Amino acid sequence: MHVTMSEKKQQERIAALQEEVHELQRKLGENEDAAKIVSRHIKLLHRYNEAKDAAQILIGRLAAHRQTTISQIHKDYGLTKDD
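Going by numbering that gives the first Met the number 0, the sequence shown opens with residue 0, and the numbers climb by one from there.
Written as structure tokens, this is what we have:
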């Protein structure tokens, strides 16, 4: 079943969507490029993940050196499973 909208309703919907776009652009910043912001965010996430991976390697080596488990190292340093 296909429901058609009147011309007036279509124009109202277009105007509402355009206003939403303008409001989002104001929140983002008038001269900001959303694609650049997303790209920067992705780069920062990659850097974070690399640092977290390096920390986990060090924790693993510390556990091996102390002849204990990684879980025990996490407990010893007050780290949660999310850290």
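Heads up, the beta-carbon is just placed ideally off N, CA and C, and yes, glycines get one too.
Please read these numbers as outputs of a predicted model, since none were measured by experiment.
1) Counting along the chain, where does the alpha helix (DSSP H) carrying Ser5 start and finish?
2) In three-state DSSP terms, what is Asn48?
3) Can you tell me which of the three DSSP states Glu11 falls into?
4) What distance in whole Å lies between the Cβ atoms of Ala62 and Gln71, which are believed to be in contact at a cut-off of 8 Å?
Inspection of the coordinates gives the following:
1) Note, Ser5: premise wrong, no alpha helix (DSSP H); not H, not E.
2) helix
3) Glu11 falls in the helix class under three-state DSSP.
4) Right, the Cβ-Cβ distance comes to about 7 Å (below 8 Å), so this counts as a contact.
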